[in-house]
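In our numbering, the protein residues as written are 48 to 523.
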Ligand code: ARG
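This is how it looks when you write it as structure tokens:
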């Protein structure tokens, strides 16, 4: 991020003009200048900074601190600067420390003394707090759009595979047959909660700090409701000390991002397993895979592996922000300058991972026959046999024992349960197991029997996936 930034000029003496050094007897140490500067990363906030400044100028006009002409000169100047930055021609200067000072300095260069009035009744403390909130609000909205797209892909794929059979696992050991659609809808449920958390975080993000000034408020009687209205904030931060020091909203966001990446990482672990030779449940399009530099036959699932790995970053960013805030006395401290890089990184990482999965998920191809064969192995319908015995009035624990013995015989014979004779299943010439057992020992019988809210039956998956698609339609 440091390209396009003019480093401090060491050959000419530094003037104090615009550098807030009126009370100092010497220029800033060169290293300190670099060390304390944030323009390398906070210039990313230029749109928000300019929007905040324009709102502030309009508010100052409303409370008669600026004349109409002064306000429009400032607003025009800021809009020109916005265009210049957008076109990539703006000369960012390290000695001007941050995005705020760079833009304000440029405004004064362009419009003269009127530009010096913009900072009336404002501090960089409430300015940066406002900028980050505006930035994060926009980021949350973009992430929500991307996340909803993914929810749609999952529900659509789940509908398509509402009756596709696969083994379900516990302890990564084959457990019971499930439908692939049901598994996809489990992912859907995880992500849907993540997006709920994101929406909740947005509520606390969307409050206005501006007007808090450095920490105590300002004697100009700022019209903060008016500022909130212009900038689209739902509410105004109610305490000026808290307004400039609060970064809870950023911590919350990083927590949401970390948890979402934890979920995505779990899905990706499954994608990696399922696409392996050993499982061969799915294949991913070649354009999402990479080759090996030495083994010509390899098709590596780099994209899901990377997403799995990136959860480390988002966890780290959350931890960085929590640690940054711990022990800070009220109100603003320079420590807070360190909030931006972790926050930006969590936003970018989550955005990239959602984009990658939006490309990948709709294009995974299930090998239905292979999934079915895998579900047939491992006595996945043993629980169904126990449930069958319960229906014949055998207490579940006794049924569990009887079925355990039947599985033992099946292992010895090297045969699946449904291939055993009634005599073999009962372990005696006659017993509670009769001819009707064979219908429930099939994979289809097993999944269809779980036909209740939250169960794996194809009819339930269809219901859940269609309801999810309707919810999505309503939210758009
Ligand atoms: N660059 C600073 C930050 O990111 C802006 C606020 C500076 N305020 C101050 N009093 N030095 O937090």
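Each residue gets a CB set at the ideal place from its N, CA and C atoms; glycine is no exception.
Please read these numbers as outputs of a predicted model, since none were measured by experiment.
The beta strand (DSSP E) enclosing residue i, as first and last residue numbers
| i | result |
| --- | --- |
| residue 337 | From DSSP, residue 337 is part of no beta strand (DSSP E); its letter is neither H nor E. |
| residue 216 | 212 to 217 |
| residue 226 | 220 to 226 |
Near ligand 1: residue i beta-carbon under 6 Å from a heavy atom
| i | result |
| --- | --- |
| residue 145 | yes |
| residue 175 | yes |
| residue 90 | no |
| residue 85 | yes |
| residue 325 | no |
| residue 384 | yes |
| residue 172 | yes |
Residue environment, residue i, which counts as buried when at least 16 other CB atoms sit within 10 Å
| i | result |
| --- | --- |
| residue 266 | exposed |
| residue 30 | Residue 30 lies beyond the stretch modelled for the chain, which goes from 48 to 523, so this question has no answer here. |
| residue 218 | exposed |
| residue 445 | exposed |
| residue 99 | buried |
| residue 164 | buried |
| residue 328 | buried |
| residue 322 | buried |
| residue 62 | Annotation note: pLDDT 46 at residue 62 (below 50); position unreliable, coordinate value reported separately. So residue 62 counts as exposed. |
| residue 442 | exposed |
| residue 412 | exposed |
| residue 78 | exposed |
| residue 342 | exposed |
| residue 134 | exposed |
| residue 57 | Low confidence applies to residue 57: its pLDDT is 46, below 50, so where it sits in the model is not reliable, and the reading given next is rough at best. Exposed, because fewer than 16 other Cβ atoms sit within 10 Å of the Cβ of residue 57. |
| residue 507 | buried |
| residue 387 | buried |
| residue 263 | exposed |
| residue 16 | Absent from the structure is residue 16, since the part of the chain shown begins at 48 and ends at 523. |
| residue 60 | Annotation note: pLDDT 41 at residue 60 (below 50); position unreliable, coordinate value reported separately. Classification of residue 60: exposed, given that the 10 Å Cβ count is below 16. |
| residue 214 | buried |
| residue 455 | exposed |
| residue 123 | exposed |
| residue 481 | exposed |
| residue 70 | exposed |
Contact belief for residue i with residue j at Cβ below 8 Å, rounded distance in angstroms
| i | j | result |
| --- | --- | --- |
| residue 519 | residue 195 | 6 Å |
| residue 401 | residue 361 | Actually they do not touch by this definition, with Cβ atoms about 12 Å apart. |
| residue 453 | residue 432 | 7 Å |
| residue 154 | residue 121 | 7 Å |
| residue 494 | residue 225 | 7 Å |
| residue 208 | residue 231 | 7 Å |
| residue 278 | residue 255 | 6 Å |
| residue 202 | residue 515 | 4 Å |
| residue 158 | residue 128 | Not a contact, Cβ separation roughly 10 Å. |
| residue 464 | residue 457 | 5 Å |
| residue 509 | residue 479 | Going by Cβ atoms, the distance from residue 509 to residue 479 rounds to 34 Å, so no, they are not a contact pair. |
| residue 197 | residue 405 | 5 Å |
| residue 191 | residue 242 | 6 Å |
Start-to-end residues for the alpha helix (DSSP H) that takes in residue i
| i | result |
| --- | --- |
| residue 520 | 505 to 522 |
| residue 400 | 387 to 407 |
| residue 364 | 349 to 372 |
| residue 458 | 443 to 460 |
| residue 95 | 93 to 109 |
| residue 89 | 86 to 89 |
| residue 379 | No alpha helix (DSSP H) holds residue 379; DSSP gives it neither H nor E. |
| residue 411 | Element bounds for residue 411: n/a, residue is neither H nor E. |
| residue 430 | 429 to 438 |
| residue 271 | 271 to 278 |
| residue 70 | Residue 70 -> no alpha helix (DSSP H), and no H or E assigned at all. |
| residue 495 | 490 to 496 |
| residue 268 | No alpha helix (DSSP H) holds residue 268; DSSP gives it neither H nor E. |
| residue 486 | 484 to 487 |
| residue 112 | No alpha helix (DSSP H) contains residue 112, which DSSP labels as neither H nor E. |
Residue i CB to nearest heavy atom of ligand 3 below 6 Å
| i | result |
| --- | --- |
| residue 183 | As for ligand 3, it is missing from this structure, which binds only ligand 1. |
Uninterrupted alpha helix (DSSP H) stretches inside the segment 290 to 344 (no shorter than 4 residues): Runs found: 295 to 321.
Could you pull out every unbroken alpha helix (DSSP H) segment of at least 4 residues lying fully inside the segment 126 to 175, listed in chain order? Entirely contained in the segment 126 to 175, the alpha helix (DSSP H) runs reaching 4 residues are, in chain order, 146 to 158.
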